[in-house]
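Chains as they are written, first to last, in our numbering: chain R, 38 to 146; chain B, 4 to 116.
By construction, the Cβ of each residue, glycine as well, lies at the ideal position given by its N, Cα and C atoms.
In this text, all values refer to a predicted model and were calculated from it rather than measured experimentally.
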Amino acid sequence: DAKTTQPPSMDCAEGRAANLPCNHSTISGNEYVYWYRQIHSQGPQYIIHGLKNNETNEMASLIITEDRKSSTLILPHATLRDTAVYYCIAGGATNKLIFGTGTLLAVQP
Amino acid sequence: NAGVTQTPKFQVLKTGQSMTLQCAQDMNHNSMYWYRQDPGMGLRLIYYSASEGTTDKGEVPNGYNVSRLNKREFSLRLESAAPSQTSVYFCASSEAGGTHEQYFGPGTRLTVT
Numbered sequence: 038d039a040k041t042t043q044p045p046s047m048d049c050a051e052g053r054a055a056n057l058p059c060n061h062s063t064i065s066g067n068e069y070v071y072w073y074r075q076i077h078s079q080g081p082q083y084i085i086h087g088l089k090n091n092e093t094n095e096m097a098s099l100i101i102t103e104d105r106k107s108s109t110l111i112l113p114h115a116t117l118r119d120t121a122v123y124y125c126i127a128g129g130a131t132n133k134l135i136f137g138t139g140t141l142l143a144v145q146p
Numbered sequence: 004n005a006g007v008t009q010t011p012k013f014q015v016l017k018t019g020q021s022m023t024l025q026c027a028q029d030m031n032h033n034s035m036y037w038y039r040q041d042p043g044m045g046l047r048l049i050y051y052s053a054s055e056g057t058t059d060k061g062e063v064p065n066g067y068n069v070s071r072l073n074k075r076e077f078s079l080r081l082e083s084a085a086p087s088q089t090s091v092y093f094c095a096s097s098e099a100g101g102t103h104e105q106y107f108g109p110g111t112r113l114t115v116t
């Protein structure tokens with residue numbers, strides 16, 4: 038599975054879009070990009086995943102660069118409840134996910 | 004629909020004691036997983052079960068055993084607990100064959116003294 042690099046922390050103002058970057062320059066052609074988040078000490082929550090195309094669901098949008106070496110998770114209107122650690126994971130073709138240390142997103146009032 | 008449930012929620016063990024962490028899911032998922040999370044760290048995969056009757060090692064399997072009792076239940080056993088196994092343990096499940104969304108339980112907080 039490919040290694041991912043994320044900033045350790047980010048701030049975002051409430052109501053604004055939160056853009057969380059992820060670098061996965063060694064991703065192979067059949068590996069997906071997944072995003073999960075973990076609020077406080079709860080179990081992680083799935084957000085979105087994609088292979089090549091940009092994806093959108095009710096929680097977020099995922100923008101994957103054409104060369105697939107990086108991606109951005111977009112929370113369009115961040116709220117205080119979106120404060121969490123966000124994990125970008127590349128791989129998982131066998132349903133095995135390798136979590137890194139993620140980005141702590143702090144949404145400020 | 005309870006999703007993924009784990010018992011117990013908290014446990015304190017002495018070094019050398021054994022215990023079994025229980026996990027059950029009611030979503031008819033084929034695959035189940037056990038992770039551990041140490042303070043300030045991401046989750047690390049201990050064992051997983053792609054389908055009923057099969058189990059495989061993850062990143063950190065040493066010191067643990069698992070049993071896929073049936074499609075619903077996947078247990079994790081510590082035969083001789085060590086302080087290094089102090090952690091939060093999460094169980095997860097997912098459909099097999101193309102669905103990548105894993106559903107996580109609330110975790111078991113284990114302290115080994």
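Can you tell me whether residue i is helix, strand or coil according to DSSP?
i	result
Ser83 (chain B)	coil
Leu72 (chain B)	coil
Leu117 (chain R)	helix
Gln28 (chain B)	strand
Gln40 (chain B)	strand
Gln82 (chain R)	strand
Gln105 (chain B)	coil
Gln88 (chain B)	helix
Leu46 (chain B)	strand
Gly100 (chain B)	Interpretation of Gly100 (chain B) is limited by its pLDDT of 48, a score under 50 that renders its predicted location unreliable; the figure taken from the coordinates is listed afterwards. In this structure, Gly100 (chain B) counts as coil in the three-state DSSP scheme.
Met22 (chain B)	strand
Phe77 (chain B)	strand
Leu110 (chain R)	strand
Thr42 (chain R)	strand
Lys133 (chain R)	coil
Met96 (chain R)	coil
Residues of chain B with CB under 9 Å from residue i, in chain order?
i	result
Thr140 (chain R)	Correct list: empty, because the minimum Cβ distance to chain B is about 11 Å.
Residue i versus chain R: which residues are under 8 Å apart at the beta carbon?
i	result
Met44 (chain B)	Thr138
Val91 (chain B)	Ser78
Glu104 (chain B)	Tyr83 and His86
Gly61 (chain B)	Lys133
Can you round the beta-carbon distance between residue i and residue j to whole angstroms, since I take them to be within the 8 Å contact cut?
i	j	result
Pro146 (chain R)	Leu110 (chain R)	In fact, because the Cβ distance is near 22 Å, the residues do not count as touching under 8 Å.
Gly108 (chain B)	Gln14 (chain B)	Actually they do not touch by this definition, with Cβ atoms about 14 Å apart.
Tyr73 (chain R)	Ile84 (chain R)	6 Å
Thr111 (chain B)	Pro42 (chain B)	Contact flag wrong, Cβ pair sits at about 15 Å.
His32 (chain B)	Ser97 (chain B)	6 Å
Leu142 (chain R)	Met47 (chain R)	5 Å
Asn60 (chain R)	Ser107 (chain R)	5 Å
Gly52 (chain R)	Ala127 (chain R)	Their Cβ separation, rounded to whole angstroms, is 30 Å, which puts Gly52 (chain R) and Ala127 (chain R) out of contact at 8 Å.
Tyr50 (chain B)	Val69 (chain B)	4 Å
Ser21 (chain B)	Glu76 (chain B)	About 19 Å separates the two Cβ atoms, so there is no contact after all.
Thr18 (chain B)	Val115 (chain B)	6 Å
Gln75 (chain R)	Val144 (chain R)	The pair is not a contact, with the Cβ atoms about 15 Å apart (cut-off 8 Å).
Gly45 (chain B)	Tyr124 (chain R)	6 Å
Taking residue i as part of the beta strand (DSSP E), name the residues at either end of that continuous run.
i	result
Thr114 (chain B)	Thr111 to Val115
Ala55 (chain R)	Ala55 to Asn60
Ala143 (chain R)	Thr140 to Gln145
Thr8 (chain B)	Val7 to Thr10
Determine the chain R residues that contact residue i at a beta-carbon separation under 7 Å, and present them in chain order.
i	result
Gly108 (chain B)	Gly80
Glu82 (chain B)	What Glu82 (chain B) touches in chain R: nothing, since even the nearest Cβ is about 24 Å away.
Can you list the residues of chain R that residue i reaches, using a CB-CB cut of under 9 Å?
i	result
Phe50 (chain B)	Phe is not the amino acid found at residue 50 (chain B); the sequence shown has Tyr there. The contacting residues do not exist; Tyr50 (chain B) stays about 11 Å from chain R at best.
What does residue i touch in chain B if you count any residue whose Cβ is under 7 Å from its own?
i	result
Tyr124 (chain R)	Gly45
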